[in-house]
Amino acid sequence: MLQRGQTKEGLQVVKAVSDRYDGRARKGPYINMSTCSTGDGTGSPFGDDECGKYYARTLSSWSLLTAM
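In terms of the working numbering, the sequence shown has 24 at position 24, counting the first letter as 1, and numbering is strictly consecutive.
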């Protein structure tokens with residue numbers, strides 16, 4: 001959207017995605033202290049949903065810089 005000139009709509013999507021990772025520590029019976037947040041999760045508010053060396057959300061955020 002940003003690359004097509006739909007700046008307002010694109011930034012709304014960015015905000016919606018960002019709001020999912022709002023920095024609140026997660027608590028509950030589904031949280032475990034594993035090293036990977038896939039599945040039941042670690043409760044880390046800054047953890048990505050994948051495991052591995054390259055996180056898709058982290059890498060995709062760079063496209064925002066080039067789109068603006």
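Where a beta carbon is used, it is the ideal one built from N, C-alpha and C, also for glycine.
Sequence-distant Cβ neighbours of residue 1 in its own chain, meaning closer than 7 angstroms and more than five residues away, are 9, 10, 13.
Counting along the chain, the unbroken alpha helix (DSSP H) around residue 63 starts and ends at 62-67. Pairing residue 4 with residue 19, the inter-Cα distance amounts to about 23 angstroms. Under the three-state reduction of DSSP, residue 5 is assigned to coil, being neither helix nor strand.
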